[in-house]
């Protein structure tokens, strides 16, 4: 007959219970989206210079491989309206969800799909829907904006479909504005691989994310195009008045395998630049 000391039994039971409790209290790790950069560094700042079009300057903050904060300033061609609006967006990650809060006061809700990408976004009462292909690249979006005036509610809808080359470079965007008139954007590719995961600086509206570009750079709006564009041709088949096609061309500056500068030439001959910091 073997006798066990009661104290030994109590100690053993306590250790077993402690081990079980520690395991059962382990929380699932927060999700970590795949950032759009591949072999290059993740973008930390975007700054516009020269004859700019409307768009945002951005400063991004990362923590443990996740984009956690973005500070944006709206840039406008007119000096009267340039830099008159700024806001900061904070992203908080759960195991299967992302929460976004803004200093601008908008109520934003993000719903992720099975790919871990934003399938629906609500901004106050406005609704965005995004679709992706099996490779994880955005192929379409719709945006419904609601405006109320004198008790009447008016709905405005815009959308686009996006196609890619077999290698994953942007090929064409068919954009439908709130006037239901199409704008066709056709891309030709440069020899520059998109190692930093850039989105072309002139297509935020046509990609449905103007003002929310940080969600793209956070890896929440699909994979980046594989190549940077050499040019984008804009055609207006549904214009009320016949409108000639225009072409924007791009040139890139590269340092240590990272794209640090993008110059683009618009139809008027003016030049704008976007500089990227890492």
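In our numbering, the protein residues as written are 92 to 369. Glycine is no exception: its CB is placed at the ideal position from the N, C-alpha and C atoms.
Status (buried if at least 16 other CB within 10 Å, exposed otherwise) for residue i
i	result
residue 361	exposed
residue 333	exposed
residue 244	exposed
residue 114	For residue 114, the predicted structure reports a pLDDT of 49, less than 50, and the residue's modelled location is therefore unreliable. The matter cannot be settled from this model.
residue 291	buried
residue 241	exposed
residue 148	buried
residue 289	buried
residue 168	exposed
residue 336	exposed
residue 309	buried
residue 237	exposed
residue 131	buried
residue 258	exposed
residue 112	No answer about residue 112 holds up, because its pLDDT of 46 lies below 50 and its placement is not dependable.
residue 248	exposed
residue 280	buried
residue 228	buried
residue 331	exposed
Residue range of the unbroken beta strand (DSSP E) whose run includes residue i
i	result
residue 327	It is not in any beta strand (DSSP E) - residue 327 carries neither H nor E in the DSSP assignment.
residue 148	146-154
residue 264	261-267
residue 166	157-166
residue 349	349-356
residue 362	362-368
residue 311	Counting along the chain, residue 311 falls outside any beta strand (DSSP E), and DSSP gives it neither H nor E.
residue 282	273-284
residue 206	That residue, residue 206, is in no beta strand (DSSP E); it is neither H nor E in DSSP.
residue 137	136-141
Range covered by the alpha helix (DSSP H) that runs through residue i
i	result
residue 306	304-308
Chain B contact for residue i (CB, 8 Å cutoff)
i	result
residue 305	Absence of chain B from the displayed structure is noted, only one protein chain being present.
Strand pairing of residue i, partner residues [DSSP]
i	result
residue 237	246
residue 289	DSSP, once it has assigned bridges, lists no residue as partnering residue 289.
residue 126	Partner(s): none; residue 126 has no beta bridge.
residue 321	None; residue 321 has no bridge partner.
residue 221	232
residue 191	182
residue 177	164
residue 433	As displayed, the chain neither begins before 92 nor continues past 369, which places residue 433 out of reach and without an answer.
Residue closest to residue i, alpha-carbon to alpha-carbon, out of the options
i	options	result
residue 266	287, 286 and 234	234
residue 206	223, 351, 199 and 129	223
residue 382	350, 179, 143 and 173	Nothing in the structure corresponds to residue 382, since the chain is present only between 92 and 369.
residue 195	275, 344, 259 and 163	163
residue 293	135, 331, 145 and 128	145
residue 253	117, 297 and 175	297
residue 137	127, 304 and 119	304
At a cut of 8 Å, does the stretch 279-286 reach the stretch 315-324 through at least three beta carbon pairs? yes
Does the pairing of the stretch 182-200 with the stretch 338-357 give three or more beta-carbon distances under 8 Å? no
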